[in-house]
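Those protein sequences? They're chains A and B, same order as listed.
All residue numbers for the first sequence refer to our numbering, where the first residue is 1085 and numbers rise by one.
All residue numbers for the second sequence refer to our numbering, where the first residue is 1085 and numbers rise by one.
We put the beta carbon where it would ideally sit given N, CA and C, even for glycine.
Note that the structure is a prediction, hence the values are computed from the model and not measured.
2 protein chains.
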Amino acid sequence: MNQDPILKPEVILEHAARYCAEHGSKLTTKRRQVLASLITSKKALSAYDLAEASRHGAEATLLPMSVYRILRFLQSIGLVHRLATANKYVACAHIACDHAHTTPQFLICKICSDVKEVGVANSIIDSIASAAETTGFRLLNDQLELECLCSECAVPELGA
Amino acid sequence: MNQDPILKPEVILEHAARYCAEHGSKLTTKRRQVLASLITSKKALSAYDLAEASRHGAEATLLPMSVYRILRFLQSIGLVHRLATANKYVACAHIACDHAHTTPQFLICKICSDVKEVGVANSIIDSIASAAETTGFRLLNDQLELECLCSECAVPELGA
DNA sequence: CCAAAAAATGTTACATTATATCATTGCGCA
DNA sequence: TGCGCAATGATATAATGTAACATTTTTTGG
């Protein structure tokens, strides 16, 4: 779940701080801590994972309630995505590249929660949206989640 | 979440019973009861909704644990789909039409849980799968879930 | 028909994910 | 300085889901 160009977490966090400011809020120490965990983690993490992580070498210990609050805030301005199919959270892959992106599509490894965020071609979203329209439903969705196996977990039953 | 042609629940349940038999299992009274609730319901239901429903006028009262077990069984043979983004369950829309269908795509009303199941064009699934392949992920997904507003809930803020 | 095996269900306990609510702290700004 | 709002702390509880083992029901082979 890393950023597009390979940037250091601190660089990404600075972009995030600026991004918060644009939304009239601040990237407080604890928000920064949660976001940093997600940026550094290769895998999607649950709120309780993040709370647990805060108890090892982090600046502050966070209770789950605080983690949820912080995640909600980070989501609200688009720095974090919630993966509904996994009940886990990831940092947006485009924090440092000034947004204006296509609909995100998350490839989620069923086994290890490794996540890749890729863009969905507009043509695909358009077909999907128009299929929905014909049934009277209006598409709200701003992300697609797909159950996958990552390359490591896909290694087939060697010697099975 | 109704069946393609408009059929009576009993007719659909008979198809389901036959379908179970083909899989070497049986549509017991309680499985039938759960499936009937889902078929009759216009909306997706949670396991606890189904347990609750079993306490009003149904033949048997079901504990949540039983409901989960029954849902897992019905899913395993394809009579029921779980909507991961909503933590709810729906009857397959094609129980009575002898399967061989395309990947299902669920349009889920964010507000009222009304669900429409439509087929996804193979071309779309193919593009998605190949996009996944290029990142080293193998697509497992056998369904797409899309957050929508149904025609009733989409009525815009009249007089707001 | 009966006993042993398998399938289905009952029951209790518990794990995980998430929200509600009210108290407290920190911080900008008049 | 102190008012007011944003952020966080703290506790309780709700909602969703699984584990594990006991019991009942059904099937099946002798």
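Handout entry: Start and end residues, alpha helix (DSSP H) containing residue 1157 of chain B
Key = 1148 to 1160
Exercise for the section: Taking residue 1233 of chain B and residue 1224 of chain A to be in contact with their CB atoms under 8 Å, please state how far apart those CB atoms are, rounded to whole angstroms. Expected result: 6 Å
Exercise for the section: Would you kindly work out how many angstroms separate the C-alpha atoms of residue 1231 of chain B and residue 1126 of chain B, rounded to a whole number? Expected result: 17 Å
Practice task
Take residue 1122 of chain B and list the residues in its own chain whose beta-carbon comes closer than 7 Å to its own, dropping the five residues that flank it on each side.
Solution key: 1129, 1164, 1173, 1174 and 1175
Practice task
Use the C-beta contact count for residue 1201 of chain A: other C-beta atoms within 10 angstroms, 16 or more gives buried, fewer gives exposed.
Solution key: Around the Cβ of residue 1201 of chain A, a 10 Å sphere holds 16 or more other Cβ atoms; the residue is buried.
Practice task
Output the boundary residues of the alpha helix (DSSP H) element that contains residue 1119 of chain B.
Solution key: 1113 to 1124
Exercise for the section: Determine, using beta carbons only, whether residue 1200 of chain B comes closer than 7 Å to chain A. Expected result: yes
Practice task
With a 10 Å radius around its C-beta and 16 neighbouring C-beta atoms as the bar for buried, classify residue 1195 of chain A as buried or exposed.
Solution key: exposed
Handout entry: Against chain A: residues of the segment 1108 to 1140 of chain B by CB proximity under 8 Å
Key = none
Exercise for the section: With 8 Å as the limit, tell me which residues of the segment 1171 to 1196 of chain A have their beta carbon closer than that to any beta carbon of chain B; keep them in chain order. Expected result: 1189, 1191, 1193 and 1194
Practice task
Quick one: give me the first and last residue of the alpha helix (DSSP H) that residue 1131 of chain A is part of.
Solution key: DSSP places residue 1131 of chain A in the uninterrupted alpha helix (DSSP H) bounded by 1131 to 1137.
Problem - Cβ-based burial, residue 1132 of chain A [other Cβ within 10 Å; buried from 16] - result: With fewer than 16 other Cβ atoms within 10 Å, it is exposed.
Handout entry: Own chain partners of residue 1237 of chain A with C-beta closer than 7 Å, once the 5 adjacent residues on each side are dropped
Key = 1193, 1195 and 1196
Practice task
May I ask you to report which of helix, strand or coil DSSP gives residue 1224 of chain B?
Solution key: coil
Exercise for the section: Specify the secondary structure class of residue 1181 of chain A as computed by DSSP and reduced to three states. Expected result: helix
Exercise for the section: Specify whether the segment 1094 to 1105 of chain B and the segment 1147 to 1165 of chain B touch according to this definition: at least 3 beta carbon pairs, one from each stretch, less than 8 Å apart. Expected result: Yes, they touch.
Practice task
Could you tell me which of A/1169, A/1213 and A/1188 sits nearest to residue 1178 of chain A, measuring between CA atoms?
Solution key: A/1188
Problem - Beta carbon proximity, residue 1145 of chain B to chain A, threshold 7 Å - result: no
Exercise for the section: Between the Cα of residue 1141 of chain A and those of A/1152, A/1120 and A/1148, spot the shortest distance and give me the residue it belongs to. Expected result: A/1120
Handout entry: Close Cβ partners of residue 1151 of chain B (< 6 Å) along its chain, the five nearest in sequence each way excluded
Key = The beta carbon of residue 1151 of chain B is closer than 6 Å to those of 1131, 1134 and 1135 in its chain, skipping five residues each way along the sequence.
Practice task
Look at the alpha carbon of residue 1198 of chain A and the alpha carbon of residue 1111 of chain A, and state the distance between them as a whole number of angstroms.
Solution key: 26 Å
Handout entry: CA nearest to the CA of residue 1203 of chain B, picked from A/1213, A/1203, A/1205 and A/1204
Key = A/1213
Practice task
Return the CA-CA distance between residue 1093 of chain B and residue 1144 of chain B, expressed in angstroms with no decimal places.
Solution key: Taking the straight line joining both Cα atoms gives about 18 Å.
Problem - residue 1222 of chain B: contacting residues in chain A (beta-carbon distance under 7 Å) - result: Those are 1232, 1233 and 1238, listed as they occur along chain A.
Handout entry: Residue from B/1215, B/1206, B/1219 and B/1235 whose Cα sits closest to the Cα of residue 1226 of chain B
Key = B/1206
Practice task
Answer yes or no: does any C-beta atom of chain A fall closer than 7 Å to that of residue 1206 of chain B?
Solution key: no
Exercise for the section: For residue 1137 of chain B, I'd like the list of residues in its chain whose CB is within less than 8 Å of its CB, leaving aside the five on either flank, ordered along the chain. Expected result: 1121 and 1129
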